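Student: Protein chains in written order, with numbering that gives the first Met the number 0: chain A, 0 to 266; chain B, 0 to 381; chain C, 0 to 74.
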Amino acid sequence: MAVKDYIRERFFPHIWCPGCGHGIVLNGLIRAVEKLGVQKNEIVMVSGIGCSARIAGYLDFHTMHTLHGRALGFATGIKLSRPELKVIVPMGDGDALAIGGNHFIHAARRNIDMTAIVMNNRIYGMTGGQYSPLSGYGILASTAPYTSVDQSFDIVQLAAAAGATFVARTTAYHIQQMIELLQEAILHKGFSVVEVMSQCPTYFGRRNREGDAVAMLKHMQKITTPIGSKAKAEHPELIERGVFVRKELPEYCEAYDTIIRRAKEGK
Amino acid sequence: MSDNIRFVQGNEACVEGALYAGLEFFAGYPITPSTEIAEQLSSRLPKIGGKFIQMEDEIASMCAIVGASLTGRKVMTATSGPGFSLKQEALGYAIMAEIPCVIVNVQRGGPSTGIPTHVHQGDVNQARWGTHGDHAIIVFTASNHQDVFAMTVEAFNIAETYRTPVVLLFDEVVGHMRERLVLPQPGEIPIVERLRTSVPQGVNYHPYLPREDGRLPMSDFGAFHRYNVTGLFHDMWGFPSDDHEVVHDLLRHLMDKIENRTNQLAKFKEFYTEDAEVLLISYGSTARSARDLVEQRRRRGESFGLLELLTLWPFPNDLVRKKAANAKYVVVAEMNTGQVCQSVRLAVDQPERVFLANRIDGEFISPDDIHKTVRLIRGKGV
Amino acid sequence: MAKRKLKEHRINREWCKGCGICIEFCAKKVLEMDQEDKAQAVRPEDCVVCKLCEMRCPDLAIEVVAEEEVEEDIG
Chain A
0 MAVKDYIRER FFPHIWCPGC GHGIVLNGLI RAVEKLGVQK NEIVMVSGIG
50 CSARIAGYLD FHTMHTLHGR ALGFATGIKL SRPELKVIVP MGDGDALAIG
100 GNHFIHAARR NIDMTAIVMN NRIYGMTGGQ YSPLSGYGIL ASTAPYTSVD
150 QSFDIVQLAA AAGATFVART TAYHIQQMIE LLQEAILHKG FSVVEVMSQC
200 PTYFGRRNRE GDAVAMLKHM QKITTPIGSK AKAEHPELIE RGVFVRKELP
250 EYCEAYDTII RRAKEGK
Chain B
0 MSDNIRFVQG NEACVEGALY AGLEFFAGYP ITPSTEIAEQ LSSRLPKIGG
50 KFIQMEDEIA SMCAIVGASL TGRKVMTATS GPGFSLKQEA LGYAIMAEIP
100 CVIVNVQRGG PSTGIPTHVH QGDVNQARWG THGDHAIIVF TASNHQDVFA
150 MTVEAFNIAE TYRTPVVLLF DEVVGHMRER LVLPQPGEIP IVERLRTSVP
200 QGVNYHPYLP REDGRLPMSD FGAFHRYNVT GLFHDMWGFP SDDHEVVHDL
250 LRHLMDKIEN RTNQLAKFKE FYTEDAEVLL ISYGSTARSA RDLVEQRRRR
300 GESFGLLELL TLWPFPNDLV RKKAANAKYV VVAEMNTGQV CQSVRLAVDQ
350 PERVFLANRI DGEFISPDDI HKTVRLIRGK GV
Chain C
0 MAKRKLKEHR INREWCKGCG ICIEFCAKKV LEMDQEDKAQ AVRPEDCVVC
50 KLCEMRCPDL AIEVVAEEEV EEDIG
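Encoded structure:
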């Protein structure tokens with residue numbers, strides 16, 4: 000199928016700003032689903048609130064635009080209720096890790112089979128550029144006019160520590176890697192997390208003098224490196240891209256099926 | 000003892016009612032005094048192939064049942080005071096997105112952590128207005144286990160009929176007290192199944208286009224109709240809209256589908272109301288003491304009566320006005336500072352005849368407690 | 000596998016927001032911004048059909064159509 004077969008064309012052009020990384024994630028996600036050949040009726044997309052959350056409305060799946068930070072809670076109900084469905088949960092960084100932080104770590108701990116995509120642009124875009132738990136120290140934001148003094152999370156480390164069984168990171172620049180990682184994440188049996196470093200040229204880029212979308216993508220290219228690369232050894236400050244965790248643990252819905260079997264047998 | 004007679008807690012009666020109504024999915028979080036509902040369902044649901052999940056918090060529990068409902072399941076969560084506060088956000092979502100679900104609040108004393116193991120009825124107005132924004136909501140209650148069972152079944156039936164959350168507002172005494180419950184036979188109480196769309200595959204399905212009778216047929220997530228669900232104001236396809244007409248019409252629809260049915264939704268019981276000079280109005284466990292007082296006074300030839308409300312919201316104004324019309328004194332008995340009393344005063348023609356008999360110290364209100372107030376009102380001293 | 004040959008760049012001018020990502024990252028410098036700040040293919044003959052512009056477009060506004068795909072469409 001063509002890209003256009005996966006979108007709700009009547010809502011285009013979309014609401015995102017020129018050069019928004021979230022559009023690239025939308026693009027990459029469609030291609031990942033297309034390559035996997037998953038039927039549109041088999042996919043449920045559950046999003047929260049924020050710029051990232053709008054991705055759900057543009058895709059012709061079963062889509063649910065929920066509450067800020069709570070997408071994984073709704074998604075857990077859907078998945079446990081209908082384990083045969085593929086559940087994809089795109090979230091923003093504030094959405095997933097500030098207001099939704101508790102849901103994020105517990106979904107990871109449960110190892111329930113769904114794919115969390117954290118579209119990390121290090122800012123609250125929809126509300127006008129406030130600092131997020133991913134902004135990090137020394138960042139200018141509309142609520143950090145003197146620079147932020149908050150340290151940031153490392154999404155990969157957090158997800159891995161919380162028990163996610165597939166954890167990966169890429170950027171909006173590395174589109175081919177993004178498509179591959181999203182495919183693997185969707186196929187993975189268990190809770191998969193893909194962090195996509197995404198650019199917000201409107202709020203993050205402009206305020207922090209990172210330039211426009213092109214400049215921000217070039218910056219991402221510069222500050223990241225494949226996992227275990229020689230460059231990483233020489234420049235430890237580089238952010239690694241690739242698959243950090245890939246392991247097997249009992250998947251939640253399957254584990255619950257054994258509970259049903261035992262309950263029915265009276266054991 | 001016959002197979003269908005049980006000696007159970009009110010919380011267990013609620014579980015039995017939910018299973019009778021077809022509950023398939025429960026998500027919850029431990030909290031006193033409602034925890035027994037979760038405990039029982041963790042054992043009962045998997046036996047019938049249903050799903051139970053203990054979520055990371057009250058918020059996620061509410062979200063999870065809304066998600067599960069969208070896939071076509073009958074769903075419920077249960078909580079108490081502080082947990083009910085946390086569920087308000089997603090409760091509003093279920094109202095806006097018109098997703099059937101049942102929320103049990105076994106009330107305890109508040110505000111805040113309050114007095115978890117003692118009885119209060121302080122969440123009546125929270126159940127009405129707890130979530131932000133203009134909205135309508137249905138809230139049922141009960142005073143004994145047979146009614147807990149019946150109102151739980153009714154909650155599921157109404158939730159499915161009108162695509163709306165329904166709140167079951169019980170209290171600590173009803174939840175924890177043990178008494179007899181006679182389980183109805185299958186089919187004895189009618190069960191409403193979800194109305195699903197008959198629109199065939201390939202033809203446009205409008206999830207938010209009400210039929211002439213006001214009902215909105217649903218399509219399960221995972222079936223062939225793909226649509227959008229959102230907490231934003233939305234059009235008949237479920238897509239966000241800020242068109243003023245769309246916003247107006249949707250809010251009107253959400254209000255009207257419930258408020259226009261106030262009289263149909265008004266469930267109640269009455270005892271000696273016809274010639275009651277002193278009309279007690281009560282609900283939940285308080286109604287047990289109120290009824291006892293009525294029986295006591297009737298035995299002494301005094302014309303006491305009781306109107307027991309099973310529907311708290313939408314408030315049954317017409318019913319209350321009619322029943323109170325001929326009473327000399329209307330005494331609202333409840334375990335709060337007058338939440339239903341306030342609604343009764345708004346409903347009746349002569350609000351100056353409405354009095355409050357209450358107890359707010361966590362101790363269960365006795366027939367004597369209510370009678371003391373009645374004596375004071377009638378100028379008979381304590 | 001035969002090297003794919005370009006048929007055309009389909010650029011949706013309604014959707015293109017002129018961010019310039021496709022232009023900047025094209026290895027062959029096929030694309031340029033036109034006077035209305037929309038991407039256009041000015042050197043299509045240089046295109047190697049890598050489709051990176053199509054995949055990276057945040058607006059889903061570019062489709063790089065190769066010859067063989069067109070034939071498939073007909074077939």
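Even glycine gets a Cβ: it sits at the ideal position worked out from N, Cα and C. The structure displayed is predicted, hence computed values, not measured ones.
Report yes or no: do the segment 216 to 230 of chain A and the segment 69 to 84 of chain A share at least 3 C-beta pairs separated by less than 8 Å?
Tutor: The segment 216 to 230 of chain A vs the segment 69 to 84 of chain A: no contact.
Student: Could you check what DSSP says for Val246 of chain B in three-state terms: helix, strand or coil?
Tutor: Three-state DSSP puts Val246 of chain B in a helix.
Student: When the distance is taken between beta carbons, is Gly132 of chain B closer than 8 Å to Gly91 of chain B?
Tutor: Yes, Cβ-Cβ distance for Gly91 of chain B and Gly132 of chain B is below 8 Å.
Student: Can you name, in chain order, every residue of its own chain whose Cβ lies under 6 Å from the Cβ of Gly49 of chain B, other than the five neighbours on each side?
Tutor: Contacts found: Glu23.
Student: Closer than 8 Å, CB to CB, is Phe11 of chain A near chain C or not?
Tutor: Yes, Phe11 of chain A counts as interfacial toward chain C.
Student: Could you check how far apart the C-beta atoms of Arg177 of chain B and Val7 of chain B are, in whole angstroms? I think they sit under 8 Å.
Tutor: Indeed, because the Cβ distance is near 6 Å, the residues count as touching under 8 Å.
Student: Can you tell me whether DSSP reads Pro185 of chain B as helix, strand or coil?
Tutor: Reduced to three states, the DSSP call for Pro185 of chain B is coil.
Student: If you run the structure through DSSP and keep just helix, strand and coil, what is Leu311 of chain B?
Tutor: If DSSP states are grouped into helix, strand and coil, Leu311 of chain B belongs with the strands.
Student: Taking 8 Å as the CB-CB limit, is Tyr328 of chain B close to chain A?
Tutor: Closer than 8 Å: no.
Student: Apart from the five residues on each side of it in sequence, which residues of its chain come closer than 6 Å, Cβ to Cβ, to Lys268 of chain B?
Tutor: Glu307.
Student: On the DSSP bridge list, what partners appear for Pro225 of chain A?
Tutor: A:Arg240.
Student: For Asp170 of chain B, which beta-bridge partners are listed by DSSP?
Tutor: Bridge partners of Asp170 of chain B: B:Gln106.
Student: Can at least three beta-carbon pairs, one atom from the segment 137 to 151 of chain A and one from the segment 165 to 179 of chain A, be found at a separation below 8 Å?
Tutor: The segment 137 to 151 of chain A, when compared against the segment 165 to 179 of chain A, does not touch it at the 8 Å Cβ threshold.
Student: Quick one: what does DSSP say Phe24 of chain C is sitting in, helix, strand or coil?
Tutor: Note: Phe24 of chain C maps to coil in three-state DSSP.
Student: With distances taken Cα to Cα, identify the nearest neighbour of Ile154 of chain A among A:Val195, A:Trp15, A:Thr75 and A:Ala212.
Tutor: Minimum Cα distance to Ile154 of chain A is reached at A:Val195.
Student: Pair every Cβ in the segment 149 to 168 of chain B with every Cβ in the segment 356 to 375 of chain B, then say whether three or more of these pairs are closer than 8 Å.
Tutor: They do not touch, by the three-pair rule.
Student: Report yes or no: is there a C-beta of chain A within less than 8 Å of the C-beta of Asp58 of chain C?
Tutor: Yes, contact with chain A.
Student: Any idea what DSSP makes of Met0 of chain C, helix, strand or coil?
Tutor: Annotation note: pLDDT 48 at Met0 of chain C (below 50); position unreliable, coordinate value reported separately. It is coil, neither helix nor strand.
Student: Check each residue of the segment 17 to 51 of chain A: if its Cβ is closer than 9 Å to any Cβ of chain C, include it; give the result in chain order.
Tutor: Those would be Pro17, Gly18, Cys19, Gly20, His21, Gly22, Ile23, Val24, Leu25, Asn26, Gly27, Ile29 and Arg30, in chain order.
Student: Which residues in the same chain have their Cβ closer than 7 Å to the Cβ of Val14 of chain B, if we skip the five residues on either side of it in sequence?
Tutor: Once the five neighbours on either side are set aside, the close Cβ partners of Val14 of chain B are Ile36, Gln39, Leu40 and Arg43.
Student: With a CB to CB cut of under 8 Å and the five nearest residues on each side skipped, what residues in its chain are close to Asp45 of chain C?
Tutor: So the list reads Lys27, Lys28 and Val29, once near-sequence residues are dropped.
Student: Taking 8 Å as the CB-CB cut-off, is Gly74 of chain C touching chain A?
Tutor: Because Gly74 of chain C carries a pLDDT of 42, less than 50, the predicted location of this residue cannot be relied on, and no value is offered for it.
Student: When you compare each of A:Gly49, A:Lys246, A:Arg205 and A:Phe165 to Asn119 of chain A by their alpha carbons, which one comes out closest?
Tutor: The residue with the shortest Cα to Cα distance from Asn119 of chain A is A:Gly49.
Student: Which residues, taken in chain order from the segment 16 to 48 of chain C, show a beta carbon closer than 7 Å to some beta carbon of chain A?
Tutor: Within the segment 16 to 48 of chain C, the qualifying residues are Lys16, Gly17, Cys18, Gly19, Ile20 and Glu23.
Student: Based on the DSSP secondary-structure assignment, which residues constitute the bridge partners of Gln8 of chain B?
Tutor: B:Arg177, per the DSSP bridge assignment.
Student: Going straight from the alpha carbon of Leu278 of chain B to that of Asn325 of chain B, what length do you get?
Tutor: Distance between the alpha carbons of Leu278 of chain B and Asn325 of chain B: 9 Å.
Student: Below 8 Å on the Cβ atoms is my contact criterion, and I expect Asn227 of chain B with Phe220 of chain B to pass it. Report the Cβ-Cβ distance as a whole number of Å.
Tutor: Between Phe220 of chain B and Asn227 of chain B the Cβ distance is about 11 Å, and since that is not below 8 Å, they are no contact.
Student: With 7 Å as the C-beta to C-beta threshold (strictly closer), list the residues of the segment 140 to 157 of chain A near chain B in chain order.
Tutor: Flagged: no residues at all.
Student: Along the chain, where does the alpha helix (DSSP H) that runs through Phe81 of chain B open and close?
Tutor: Before going further, note that residue 81 of chain B is Pro rather than Phe in the sequence given. Run containing Pro81 of chain B: Gly80 to Ala96, per the alpha helix (DSSP H) assignment.
Student: Under 8 Å, do Gly66 of chain B and Ala1 of chain A count as touching if we go by C-beta distance?
Tutor: It is not a contact, given that the beta carbons lie outside the stated cut-off.
Student: Just to make sure I have the definition right: I need the residues of chain C whose C-beta is within less than 8 Å of the C-beta of Val2 of chain A. Which are they?
Tutor: Neighbours of Val2 of chain A on chain C, chain order: Leu59 and Glu62.
Student: With a Cβ-Cβ cutoff of 8 Å, do Leu69 of chain B and Ile98 of chain B count as a contact?
Tutor: Contact: yes.
Student: Taking all protein chains shown into account, decide if Ala254 of chain A is buried (16 or more other Cβ within 10 angstroms of its Cβ) or exposed.
Tutor: Exposed is the call here.
Student: With a Cβ-Cβ cutoff of 8 Å, do Leu309 of chain B and Val293 of chain B count as a contact?
Tutor: Contact: no.
Student: Leaving aside the five residues before and after Arg287 of chain B along the sequence, list all residues of the same chain whose C-beta is less than 6 Å from its C-beta, in chain order.
Tutor: Only Ser142 meet the Cβ criterion.
Student: Taking Cβ positions only, does Arg55 of chain C come closer than 8 Å to chain A?
Tutor: It does: the Cβ of Arg55 of chain C has a partner Cβ on chain A nearer than 8 Å.
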